[in-house]
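Down below is the structure, laid out as structure tokens.
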Amino acid sequence: MVVSSVLSPDGYAIMNAVAASPSPRLSAANRPNDFHVHPARRGAVGDTVRRADAQMASPVSDYTPQAIEKKWQRRWTEQRVFEVAEDPARPKFYCLVMFAYPSGHAHVGHVRNYMIGDVVARMKRLRGFHVMHPFGWDSFGLPAENAAIEHHVHPRTWTLDNIAHMKGQLQRLGISYAWEREIATCLPEYYRWNQWIFLKMFERGLAYRRRSTVNWCPSCQTVLANEQVVDGQCWRCASDVDARALEQWFLRITEYAEQLLDGIERLSDWPEKVLTMQRNWIGRSEGAQVRFPLAGAQGEAIEVFTTRIDTIFGGTFVLLAPEHELVDRMAEASEDPGGFRARARRFLAQDRTGRLTGEIEKEGFDTGRVATNPFTGESVPVWVANFVLGEYGTGAVMGVPAHDQRDLEFARKYDLPVRVVIQPDDGSSPLSAEALSEAYAGPGRLVDSGEFSGLSWQAALAKMTEAAAARGIGQGTVQYRLRDWGISRQRYWGTPIPIIHCQACGLVPVPYEDLPVELPDVTAFSGQGDSPLAQVPEFVNTTCPSCGGAARRETDTMDTFVDSSWYFYRYCDPNNTELPFDPDAVRYWAPVDFYSGGVEHAILHLIYSRFFCKVLHDLGLVEHDEPFSRLLTQGMVLKGGAVMSKSKGNVVDPDDMMATYGADTLRLYETFVAPPEKEIEWADTGLEGSFRFLGRVWRLVEPLAARLAQAPPIESVETLDDGERAMRRKTHGTIKRVSTDVYPRVHLNTAVSALMELVNELYVFCDTAGCGPGAPATGTAGRIQTWAVLREAIEALVLMLSPFTPHLAEELWERLGHADGLTAARWPEFDPAVAKAETLVIPVQVNGKVRARLTVGADSDDAALEAQALADRQVASHLAGKTVTKVVVARGRLVSIVAK
RNA sequence: GCGAAAGUGGCGGAACUGGCAGACGCGCCGGAUUUAGGAUCCGGUAGCCGCAGGGCUAUGGGGGUUCGAAUCCCCCCUUUCGCACCA
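First residue of the first sequence? That's 11 in the numbering used here, and the numbers climb one at a time after it.
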């Protein structure tokens, strides 16, 4: 699906939106003219050049980025240089940046994101890889719907206009995207495959329905997203928000909990930080489920989950979550069912808001029922407690106040018994239940625990779990913090869930051939009442595909995280009308080799994508089992200490920067200012420095370009003088550094600084060698090889600069006589023989302090170095009156002398 | 509270496997050029002492390992991020 060729259902031509002219700010008519900062070129390369300048009287072009950038962007588009198709003969590289939510305008924070990907993609391309670098739009979601409600603009119009504008911005930045693979998740050509995958999951029992609570505004009669709840109140009408239980759709991600956890071990190229966050999110804990028989209820028992079965003899009460299914039945059987329920309900409400605000006082009430601790045989009271969670474990816990802080606080508050069953065995004084002010959760030995007394707590864990199983009162089990993924949204701007509700047949999947279930064209968005889709009778009323009777469509739409959980596969085959993607195309491109994006997606997006990958793997559609080989989480761009956002009004627009300095300067600055992972505080002042550098490159290369294009190749090393060999050494040293800094290290800032060093050295070289534009072909030194050396250095410079500043590089490359552009060029080859130093400067330490530096031949042996160091005048003066006890020679690096 | 990452000049940052701390850039100072400003080119720029050769002190603080520590180990402080009644 190519966005620019698609007509949306309401006839809105996306093509028009996408092809809209660039921002008026940049149109030729009103572009600021005062940009011209180089009225004349003076003294670029020292005196020689100035003299030459005067002789030649040739007009010298200034660096005028806007003209250059426009020229090359047009050429790249016309020649479709970034388009790629599968080619098994060439090594592939899939370079991905997180796609964008089309919020309206890109800001310099987005630019930084996309620049990291573009530098890597462009460099890999030059290194001979077949690079796919796609882009697209995560274009469903709440903001479009909010815009519809507030400004009466259709979400589709709002979204597509934003896409058009942002696409223009990205194109003006010269990012090397394979635009022919562009996708937008809000188009039926995309979202039908969300529906397809959903149906596959439904067939496998991975998509299911159950009751779950949502935020409900009683006044607007509508469901609210968390972000629409402000201080517990509706964002629109300020009514207090309620909890309401609805039947909702879930994806059974918990089925993959173990696989998702195991996979983390193999993600060696992900940041440790992200892996830790994912591990915690999955939250595996091993423990046991134990049944506490409920008195007065034939055969019924309360099942509790515990990670500390070793403390069970100290379990003096049982706590139920307010949402526990027993609570309702206990209320029914109690003397005052109404009061009972009211107390439980109060906790439920409190729990929701408590989660949003932070702290809640621990509270509970006695159900009046008792259960039996199956290990002690004692009767223990059953309470309902607000801090026990229905969704974790079994929704019930045993209260062990001596060894759990929350239980202790609870027991003290309600005067429940406390019993110490673990005594520390590190020699500290024994614990007593009465004096206990803090629960003891540390190691120790069991006491007052019947036959288990005397065991270490770890031994007891195993023994007692075994015992529970043997006696039929429990078993060892594993719990996850991870919960199933609720994907139902009572929203318009999302993927309709392809299910039909039939009175007779129940939940009936929409047949595959009827996909997509398209969004109806709702025009009025009030933000009130039922799900918007439920208000469209033509959409809702349908016939059952199974029995042909009257039926209703599901009116929930999908969470937008579904869209983003597999989009990277769609890029591999964006026009497929038979399947979400051709497995062969994905086999060639996937997994993603390099994925870069914001750390804010470290958990949800990345874990959902990993989940989808594993499901698609089980469906036989993909072969690999992890979607992203390498992940880089890039730092945010702050302004005034805050993330840029429209609401904060601290957005820096890249168009403003481009108008003043050009895209290349902005690109260079954002990669040079800090390492990619680090967050940065935006400051305009640094841009000047980057602009200055590019001007310096231009003034170095452009006047010499025509001459260099005629320069011969380097003949032989013997013909070069010291300065020329030194220049080549610098050139190849820089090639080595930049080659590894850009990838795999992705230390883009140090790559740029290496290039700056090269330019500095080139200026000095030109000055001393007399290589001005007016110099004779043989150079002032009469050496034709000088030009050969210079050509090698400057071509390497231009090539290595090209991932960062592609427009400038293309222009200079062309002027250097390469008519076929950088697309046909190859990354410069590093030659270790050339880079090898002829002499080394070796520091000499005496008792750990540098006292001298020796200039020695690169192949001096250790004995010679040691002798030379000891003979040094400075060293000798520091050794006077002392005895040398030890000399360490680190070959090629340093001599360290120890003396007393 | 738990987990993770990070603390280096006036500022952004560099130092790859333990081997010359401060690359590169910003800013600032000086010089050249210029009628002037701007731009450009050249030089200087961690602190302290010294006329100088040179010396001393410095990578959040304190200990340790080592011939040698920004880097490794222990303790502490600070900051940022993530999760948080998870049984």
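Virtual Cβ for every residue (Gly too), placed ideally from N, Cα, C.
| query | result |
| --- | --- |
| Between residue 274 and residue 297, which are expected to be in contact by the criterion C-beta below 8 Å, what is the C-beta distance as a whole number of angstroms? | Actually they do not touch by this definition, with Cβ atoms about 21 Å apart. |
| By the DSSP assignment, the alpha helix (DSSP H) with residue 509 in it spans what residues? | Note, residue 509: premise wrong, no alpha helix (DSSP H); beta strand (DSSP E) at 509-512. |
| Counting only the same chain and skipping the five closest in sequence on each side, list residues whose C-beta sits under 8 Å from that of residue 733. | 775, 778 and 779 |
| Quick check: the segment 665-683 against the segment 623-633, are at least 3 beta-carbon pairs closer than 8 Å? | no |
| Taking the straight line between their C-alpha atoms, what separation do you get for residue 741 and residue 291? | 48 Å |
| Which value, in whole angstroms, describes the spacing of the CA atoms of residue 39 and residue 851? | Legend: pLDDT at residue 39 = 26, less than 50; position of this residue unreliable, no value from coordinates given. |
| Who does residue 840 pair with in a DSSP beta bridge? | For residue 840, which the question treats as bridged, DSSP gives no partner whatsoever. |
| Who are the Cβ neighbours of residue 466 in its own chain at under 7 Å, not counting the five residues just before and after it? | 455 |
| Which two residues bound the contiguous alpha helix (DSSP H) that contains residue 771? | 758-779 |
| At 3 residues or longer, and completely inside the segment 400-435: list those beta strand (DSSP E) runs for me, N to C. | 406-409 |
| If distances are taken between C-alpha atoms only, which option among 890, 104, 263 and 336 comes closest to residue 603? | 104 |
| For the beta strand (DSSP E) that residue 627 lies in, which residues bound it at each end? | That residue, residue 627, is in no beta strand (DSSP E); its alpha helix (DSSP H) goes 614-628. |
| Measuring alpha carbon to alpha carbon, tell me which residue in 866, 660 and 155 is nearest residue 648. | 660 |
| Measuring alpha carbon to alpha carbon, tell me which of 398, 411 and 532 ends up nearest residue 425. | 411 |
| From residue 333 to residue 348, what distance separates their C-alpha atoms? | 16 Å |
| Pick from 900, 890, 887 and 859: whose alpha carbon is nearest that of residue 876? | 900 |
| To the nearest angstrom, report how far apart residue 340 and residue 413 are at their CA atoms. | 28 Å |
| Please tell me whether residue 393 and residue 304 are closer than 9 Å, where the distance is taken between their beta carbons. | no |
| Taking just the CA atoms, how far does residue 712 sit from residue 55? | Unreliable positioning characterises residue 55 in this predicted model, as indicated by a pLDDT of 29, which lies under 50. The coordinate reading is nonetheless provided below. Each residue's Cα considered, the two are about 12 Å apart. |
| In three-state terms, what does DSSP make of residue 158? | helix |
| Just reading off the alpha helix (DSSP H) that residue 912 is part of, what are its end residues? | Since the first residue shown for the chain is 11 and the last is 910, residue 912 is missing from the structure and cannot be characterised. |
| Here's a check: name, in chain order, each residue in its chain whose Cβ is nearer than 8 Å to the Cβ of residue 910, leaving out the five neighbours to either side. | 892, 893 and 895 |
| Using 8 Å for Cβ pairs, my map puts residue 264 next to residue 492. What's the rounded Cβ distance? | 6 Å |
| Which residue from 453, 579, 88 and 164 puts its Cα closest to that of residue 143? | 579 |
| Taking 8 Å as the threshold, find out whether the segment 217-233 comes into contact with the segment 243-260 through three or more Cβ pairs. | yes |
| Indicate the three-state DSSP secondary structure (helix, strand or coil) for residue 100 in the structure shown. | coil |
| Do you know offhand how far residue 890's Cα is from residue 873's? | 21 Å |
| Whose C-beta lies closer than 6 Å to the C-beta of residue 535 among residues of the same chain, with five residues either side of it excluded? | 158 and 159 |
| Tell me residue 634's beta-bridge partners as DSSP assigns them. | According to DSSP, which records beta bridges pairwise, residue 634 is partnered with nothing at all. |
| Give me, in chain order, the residues of the same chain whose beta-carbon lies closer than 6 Å to that of residue 156; leave out the 5 immediate sequence neighbours on both sides. | none |
| Starting from residue 165, follow the alpha helix (DSSP H) in both directions and report where the run begins and ends. | 165-182 |
| Classify residue 178 as buried or exposed, calling it buried when 16 or more other Cβ atoms lie within 10 Å of its own Cβ. | buried |
| Which residues bound the alpha helix (DSSP H) around residue 676? | 673-682 |
| On the three-state DSSP scale, how would you describe residue 8? | Residue 8 lies beyond the range of the chain shown here (11 to 910); nothing can be said about it. |
| Please state the DSSP three-state secondary structure of residue 69. | Reliability of the predicted coordinates at residue 69 is poor, the pLDDT of 32 falling under 50, and no value is obtained from them. |
| Three or more beta-carbon pairs under 8 Å between the segment 575-590 and the segment 503-523, yes or no? | no |
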